[in-house]
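The structure appears right after this line, and notes come after that.
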Amino acid sequence: MATTSFTAPKLSSPTFQTLCRNLPLSLPIPKTLSSFSFHLSPFLSRFHLHHHHPTPRFHPRRLFAVRAESENGAEPLRHYDFDLFTIGAGSGGVRASRFAANFGASVAVCELPFSTISSETTGGVGGTCVLRGCVPKKLMVYASKYSHEFDESNGFGWKYDTEPKHDWSTLMANKNAELQRLTGIYKNILNKAGVTLIEGRGKVVDPHTVDVDGKLYTARHILISVGGRPFIPDIPGSEYAIDSDAALDLPSKPEKVAIVGGGYIALEFAGIFNGLTSEVHVFIRQKKVLRGFDEEIRDFVGEQMALRGIQFHTEESPQAIVKSADGSLSLKTNKGTIEGFSHIMFATGRRPNTKNLGLESVGVKINKNGAIEVDEYSRTTVPSIWAVGDVTDRINLTPVALMEGAALAKTLFQNEPTKPDYRAVPSAVFSQPPIGQVGLTEEQARKEYGDIDVYTANFRPLKATLSGLPDRVFMKLIVCAKTNKVIGLHMCGEDSAEIAQGFAVAVKAGLTKADFDATVGIHPTSAEEFVTMRTPTRKIRQSSESQGNMGHEAKTAAGV
Amino acid sequence: MARKMLVDEEMNQTNQEEAHYDFDLFVIGAGSGGVRAARFSANYGAKVGICELPFHPISSEVIGGVGGTCVIRGCVPKKILVYGAAFGSELEDARNYGWELNEKLDFNWKKLLHKKTDEIIRLNGIYKRLLSNAGVKLFEGEGKIVGPNEVEVTQLDGTKLSYSAKHILIATGSRAHRPPIPGQELGITSDEALSLEDLPKHAVVLGGGYIAVEFASIWRGLGANVDLFFRKELPLRGFDDEMRAVVARNLERRGINLHPQTNLTELIKTDNGIKVTTDHGEELIADVVLFATGRLPNSKRLNLEAVGVELDNTGAVKVDEYSRTSIPSVWAVGDVTNRMNLTPVALMEGTCFAKTVFGKEPSKPDYSHVPCAVFSIPPLSVVGLSEEQAIEQANGDVLVFTSTFNPMKNTVSGRQEKTVMKLVVDAETDKVLGASMCGPDAPEIMQGIAVALQCGATKAQFDSTVGIHPSAAEEFVTMRSVSRRITCRGKPKTNL
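Written out as structure tokens, the structure reads:
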């Protein structure tokens with residue numbers, strides 16, 4: 001099986017070919033749509049999508065009247081090798097390339113050779129999402145969640161003569177086989193769309209030229225979609241630390257792992273390793289995990305994870321890692337030293353992969369975090385160069401990169417200037433329990449709208465009453481007091497990610513609390529709580545500092 | 001007379017009039033609809049009494065329990081067993097994720113049953129407390145209508161209580177019914193199926209509705225051999241045909257023997273078990289035979305006809321859009337009216353009743369876009385119209401979007417079972433008319449979709465929603481290509 005070549009080491013996979021030299025990027029997966037719809041009839045857009053024009057090599061400028069008046073209109077008849085050259089075949093790059101090709105453009109994309117660990121010289125078609133992000137992470141979540149399910153099942157009458165044991169190498173082999181399958185699928189997708197795939201490291205030479213390992217390609221437009229990479233702060237001993245790339249492909253189970261960071265990646269890995277029976281310590285700089293999330297969600301998820309055995313060390317920052325003679329690692333922090341770790345993982349953020357791309361030299365402006373600056377249409381400061389996905393550090397999510405990629409293809413090749421719409425983008429954290437959310441946090445809502453009503457539910461789900469485990473579910477709706485619109489929805493508990501999606505449609509459509517109330521529940525589910533929240537937990541008014549209200553029924557417009 | 005006046009007018013007659021009645025509202029039946037109506041009416045200030053039969057998991061003419069079908073003999077215990085049964089396949093799936101489990105896993109049915117019973121007893125207590133917290137007076141015994149404003153409660157010891165009430169609400173629900181075939185007494189209904197002493201080794205299920213499919217899944221998940229007999233070609237009549245086929249395929253793949261277009265003709269007790277004969281002449285031996293052949297309204301012993309409350313030919317209490325019966329002071333909600341027999345619908349009806357009668361706000365329950373779920377394994381959930389209904393009702397063309405995919409979890413577990421999702425869209429208005437899904441978490445996923453449909457969301461609004469990645473639910477907002485376009489009668493076609 002090809003899988004064997006994957007399991008152990010980091011780079012390498014003889015079976016894999018190569019692509020360009022960039023870095024990986026963000027994410028792919030199933031098809032997404034998005035940006036279309038608002039402006040034009042969706043049917044129209046779908047129609048175009050499926051229409052394959054014969055692909056003329058030269059695209060007269062009509063293809064992109066939009067913003068074409070600018071500089072690159074200067075040489076209308078210049079011949080280019082491609083209409084679009086994309087650097088980086090992750091979620092955003094693949095999406096933009098495919099769609100552009102479907103709209104009739106001639107497209108090439110370059111990508112680095114495949115490896116589960118990314119570097120300046122390794123990447124792989126599919127990008128971060130497929131190879132080092134969403135997909136392998138979710139597979140590991142599935143694997144690790146079983147230990148909780150074994151506990152739950154005891155309460156439902158199932159018994160194990162011997163405690164279930166986990167075999168790490170089986171999981172890694174099966175996971176890597178799946179990644180290999182997916183990267184193949186992505187290549188296929190590109191191939192079918194008529195996109196030329198070039199393995200190697202791409203670099204911008206001038207506004208219309210890309211160099212891939214010494215070979216030059218000209219293009220009317222260049223798209224940078226090289227993604228981001230984990231970042232490990234430079235402290236003494238940081239060379240002993242691993243990042244999320246490595247954490248997804250460890251050769252053996254970490255016995256005792258320190259995870260530094262309080263963001264979603266840190267929490268997801270804490271859940272994964274905990275479920276796979278490692279001892280897990282999480283070190284966070286602040287008092288709470290998940291900065292930027294709703295405060296109540298932050299509290300709730302921290303409590304629930306601690307109940308499952310994860311040890312949190314709050315307001316504790318790492319200062320050094322020391323390797324002892326027996327090979328174990330110690331983490332020195334501002335509060336002391338903790339010894340005996342088999343692994344120390346840093347989940348301390350990701351940085352855009354903008355180095356060594358030749359960007360500065362052609363005049364593409366990069367901000368101080370290394371992200372490419374773009375306008376609302378994803379255009380960089382050089383008019384023929386565009387960027388989508390994590391490399392622009394807008395909202396670093398696969399579906400957002402897909403939206404940006406799709407919007408760009410439309411803007412460039414369908415005569416339809418399209419801005420990605422960042423309102424009400426839902427997201428999930430696959431911690432255990434998971435979080436799903438869309439819209440504003442209570443803190444943001446208060447700032448933005450002043451007067452809001454907050455509805456919360458905190459309950460023990462049916463499953464937990466039988467299993468006897470301390471699992472709970474927390475749900476929250478934030479409603480604009482003036483318009484009755486639901487402006488934020490948050491949930492932490494089993495199935496949160498799946499549950500939030502449908503509600504995201506409702507929130508995006510600007511639906512009101514009365515609309516939620518008018519919806520009949522699906523019984524018995526957890527999700528039905530979102531349509532049966534009758535009484536606000538608190539009403540926040542700018543004038544008189546809030547107050548919990550337990551009085552009368554908030555408008556239960558059921559059926560009216 | 002007050003009764004002839006508008007409802008809210010009636011409310012203004014205030015104290016003097018109320019003095020004539022023991023209660024403003026007397027509810028017969030403390031299930032989902034009755035408890036909701038009683039509580040909400042009490043919250044509006046009404047003086048409310050409610051009666052319910054004594055508690056027991058198996059219902060009869062004289063047995064019931066506060067909480068009703070949903071809590072004691074329906075949704076809740078069923079879902080608990082589904083959870084229990086779903087572990088069977090979950091645990092199998094664990095192996096490819098690296099977990100080493102015993103070849104044969106032990107499952108203790110008695111433990112599950114015992115915990116299930118504990119849980120419904122707990123919930124029964126919670127419901128009683130809800131009522132007393134709301135100030136509703138609970139009577140244990142069998143209620144009956146004596147006059148348009150008069151109820152009689154026969155208590156356990158045989159003593160009878162009589163009360164007058166300005167309004168009477170019938171919320172007595174329904175009970176499983178058995179087909180009239182020879183040996184039917186050897187079979188059981190869903191009541192007993194939820195409380196069987198022993199897990200069946202070989203179960204026969206008769207019926208193609210959601211109850212039949214759910215029990216087939218439960219027993220199969222726990223390791224029994226299951227044969228499912230139903231009259232139509234596919235189970236789940238009334239649901240989208242394509243989704244029915246998906247459910248049938250899933251049941252079959254999980255090892256349930258399907259016998260479409262087959263009925264049972266006779267049950268005979270033998271030494272080896274119950275011998276079951278079909279109308280195709282087949283015979284098989286089972287230790288349990290479940291009749292999931294429908295439910296009938298509990299309207300018999302209420303003395304309804306005598307006071308002039310009309311019933312339809314199935315025994316359901318006839319009501320108007322506000323849940324009022326043919327006697328103006330008598331109302332009915334929930335399964336006893338046989339409108340849409342779902343707990344959340346009974347809750348809606350109960351809420352609307354309380355609003356109409358005591359909240360000065362006449363409210364009709366809205367039956368459009370009521371979502372529902374079938375907790376088969378894997379489950380099915382739908383909201384809005386099926387493809388067939390959409391075509392039936394359409395003026396213009398109908399667009400159908402479907403997505404069939406291997407859920408990510410299966411890519412490693414190796415389970416061969418696709419998730420199927422479907423959106424049915426009105427081509428002209430772009431409105432999403434119906435959504436269905438069969439696959440893990442479908443009921444949880446569908447709830448939010450139901451909010452969107454309730455408010456007439458368009459396909460464009462679905463498309464403009466960003467996905468949550470990686471989830472199954474994101475497929476609902478990423479369906480780009482039309483699977484088919486159905487040109488409906490009358491209207492000229494557009495060309496796609």
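Chains U and S supply the protein sequences, listed in that same order.
Using the UniProt record's numbering, the first residue of the first sequence is number 1, and each one after it goes up by one.
Using the UniProt record's numbering, the first residue of the second sequence is number 1, and each one after it goes up by one.
Backbone N, C-alpha and C fix where the C-beta goes; we use that ideal spot for every residue, glycine too.
Output yes if chain U places a C-beta closer than 8 angstroms to the C-beta of residue i; else output no.
{"i": "residue 498 of chain S", "result": "Because chain S here runs from 1 to 496, residue 498 of chain S falls outside it and cannot be looked at."}
{"i": "S/ILE445", "result": "yes"}
{"i": "S/ALA457", "result": "yes"}
{"i": "S/LYS409", "result": "yes"}
{"i": "S/ILE486", "result": "no"}
{"i": "S/CYS51", "result": "no"}
{"i": "S/SER376", "result": "no"}
{"i": "S/TYR210", "result": "no"}
{"i": "S/LEU91", "result": "yes"}
{"i": "S/MET243", "result": "no"}
{"i": "S/ASN108", "result": "yes"}
Counting only Cβ pairs nearer than 7 angstroms, list the residues of chain S close to residue i.
{"i": "U/LYS368", "result": "Chain S residues near U/LYS368: none, gap ~27 angstroms exceeds 7 angstroms."}
{"i": "U/CYS134", "result": "HIS469 and PRO470"}
{"i": "U/PHE516", "result": "VAL451"}
{"i": "U/ASP495", "result": "ASP441 and GLU444"}
Counting only Cβ pairs nearer than 9 angstroms, list the residues of chain U close to residue i.
{"i": "S/ILE80", "result": "PHE156, LEU462, LYS463, THR465 and LEU466"}
Quick check: is the beta carbon of residue i nearer than 8 angstroms to any beta carbon in chain S?
{"i": "U/GLN414", "result": "no"}
{"i": "U/PHE530", "result": "yes"}
{"i": "U/ALA143", "result": "yes"}
{"i": "U/TRP168", "result": "yes"}
{"i": "U/GLU149", "result": "yes"}
{"i": "U/PRO399", "result": "yes"}
{"i": "U/LEU25", "result": "Model confidence at U/LEU25 stands at a pLDDT of 36, short of 50, so the residue's coordinates are unreliable; what they give is reported in the following sentence. Cβ-Cβ to chain S under 8 angstroms: no for U/LEU25."}
{"i": "U/THR418", "result": "no"}
{"i": "U/GLY502", "result": "yes"}
Which bits of chain U does residue i rub up against, with CB to CB less than 7 angstroms?
{"i": "S/PHE462", "result": "VAL505"}
{"i": "S/LEU112", "result": "PHE156 and GLY157"}
Taking DSSP as the reference, what is the three-state secondary structure of residue i?
{"i": "S/ALA134", "result": "coil"}
{"i": "U/GLN437", "result": "strand"}
{"i": "U/VAL520", "result": "coil"}
{"i": "S/ASN12", "result": "Unreliable placement is indicated for S/ASN12, whose pLDDT of 46 sits below 50; the coordinate value is still reported in the next sentence. The answer is coil: DSSP assigns S/ASN12 none of H, G, I, E or B."}
{"i": "U/GLY502", "result": "helix"}
{"i": "S/ALA346", "result": "helix"}
{"i": "S/THR487", "result": "coil"}
{"i": "residue 561 of chain U", "result": "Past the edges of chain U, shown from 1 to 560, lies residue 561 of chain U, and the structure says nothing about it."}
{"i": "U/LEU197", "result": "strand"}
{"i": "U/ARG95", "result": "helix"}
{"i": "U/ASP245", "result": "helix"}
{"i": "U/MET345", "result": "strand"}
Taking Cβ-Cβ distances shorter than 9 angstroms, what residues in chain S pair up with residue i?
{"i": "U/GLN319", "result": "Near U/GLN319 there are no residues of chain S at all, since even the closest Cβ is about 35 angstroms away, more than 9 angstroms."}
Name the DSSP bridge partner or partners of residue i?
{"i": "S/PHE139", "result": "S/CYS51"}
{"i": "S/PRO297", "result": "S/SER174"}
{"i": "U/GLN311", "result": "U/HIS281"}
{"i": "S/ASP426", "result": "S/VAL398"}
{"i": "U/ILE372", "result": "U/ILE366"}
{"i": "U/PRO230", "result": "U/ARG350"}
{"i": "S/GLY434", "result": "S/GLY384 and S/VAL424"}
Taking residue i as the query, report the chain U residues whose CB atoms sit under 8 angstroms from its CB, ordered along the chain.
{"i": "S/LEU433", "result": "Result: empty, since nearest Cβ-Cβ is about 15 angstroms, beyond 8 angstroms."}
Please compile the residues from chain S whose C-beta is within a distance smaller than 8 angstroms of the C-beta of residue i.
{"i": "U/PRO164", "result": "ALA94, TRP99, GLU100 and LEU101"}
{"i": "U/LYS175", "result": "VAL412"}
Return yes when the C-beta of residue i is under 7 angstroms from any heavy atom of the ligand MN, and no when it is not.
{"i": "S/ASN338", "result": "The model depicted lacks the ligand MN and carries no ligand whatsoever."}
Where are the alpha helix (DSSP H) runs, 4 residues long or more, that stay fully inside the stretch 359–408 of chain S, in chain order? 387–393
Quick check on the DSSP output: what are the complete alpha helix (DSSP H) runs of length 4 or more inside the stretch 82–141 of chain S, in order along the chain? 109–133
Go through the stretch 377–429 of chain U residue by residue and report every complete run of the beta strand (DSSP E) that reaches 3 residues or more, in order. 385–387 and 427–429
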